[in-house]
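Okay, structure coming up:
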């Protein structure tokens, strides 16, 4: 299986999470490719495989600077992502009550609205919780990837890449 981890980050924390996942779990059975969101557009979802959005939240609940172009392109291009399967590992700080983990939540809402199917629940890491996100990710990931395998096994015809046609409004 191919897993694309798309990283939205301002300070490198989300990238560190992705790197730890790749080091711990990438092997011949699970090829993990990390891609920073810098310069990406919706066509990234045309790659075969499963996607994991690993992103922090910045400012007033915004996606990080390096993720803004991809996020804006998803909203403006409105591609048909009905063949895309994805998960979300969102980083945030619960002291920002009204915008906690909104970077990940925004991507989840955009992808779901374009027809993509989320695999598992959005995972929300709280920076104020006293745990390191990379450590929490290493604990969370095995259960998530097992759920992904089960869902895909249950649906042998599950498409794993996008048909990139605009959605009709």
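In the numbering used here, the protein residues as written are 1 to 169.
No residue lacks a Cβ here, since even glycine has one placed at the ideal position from N, Cα and C.
As the structure is a computational prediction, the values presented were derived from the model and not from experiment.
Taking only the alpha-carbon atoms, compute the straight-line gap between residue i and residue j and give it to the nearest angstrom.
| i | j | result |
| --- | --- | --- |
| residue 108 | residue 62 | 13 Å |
| residue 138 | residue 1 | 18 Å |
| residue 51 | residue 35 | 11 Å |
| residue 82 | residue 42 | 13 Å |
| residue 10 | residue 56 | 8 Å |
| residue 47 | residue 84 | 9 Å |
| residue 25 | residue 105 | 25 Å |
| residue 165 | residue 92 | For residue 165, the predicted model reports a pLDDT of 42, less than 50, meaning its position is unreliable and no value from the coordinates is stated. |
| residue 39 | residue 112 | 22 Å |
| residue 134 | residue 68 | 23 Å |
| residue 151 | residue 110 | 22 Å |
For the candidate residues the options, whose alpha-carbon lies nearest to that of residue i?
| i | options | result |
| --- | --- | --- |
| residue 54 | 30, 102 and 128 | 102 |
| residue 201 | 59, 148, 115 and 96 | The requested residue 201 does not occur in the structure, where the chain is confined to residues 1 to 169. |
| residue 142 | 22, 153 and 10 | 22 |
| residue 15 | 45, 89, 144 and 110 | 89 |
| residue 7 | 59, 94 and 44 | 44 |
| residue 37 | 70, 58, 111 and 152 | 70 |
| residue 131 | 73, 94 and 33 | 94 |
| residue 173 | 100, 87 and 99 | Residue numbering for the chain in the displayed model covers 1 to 169; residue 173 lies beyond these limits and cannot be assessed. |
Under DSSP, the beta strand (DSSP E) around residue i begins and ends at which residues?
| i | result |
| --- | --- |
| residue 55 | 50 to 55 |
| residue 3 | 2 to 8 |
Along the chain, where does the alpha helix (DSSP H) that runs through residue i open and close?
| i | result |
| --- | --- |
| residue 17 | 13 to 25 |
| residue 36 | Note, residue 36: premise wrong, no alpha helix (DSSP H); beta strand (DSSP E) at 31 to 36. |
| residue 75 | 68 to 77 |
Does the segment 76 to 83 touch the segment 118 to 128, meaning 3 or more C-beta pairs lie closer than 8 Å? no
If we require 4 or more residues per run, which alpha helix (DSSP H) segments fall completely within the segment 92 to 138? With a minimum length of 4 residues, the continuous alpha helix (DSSP H) runs that stay inside the segment 92 to 138 are 102 to 113.
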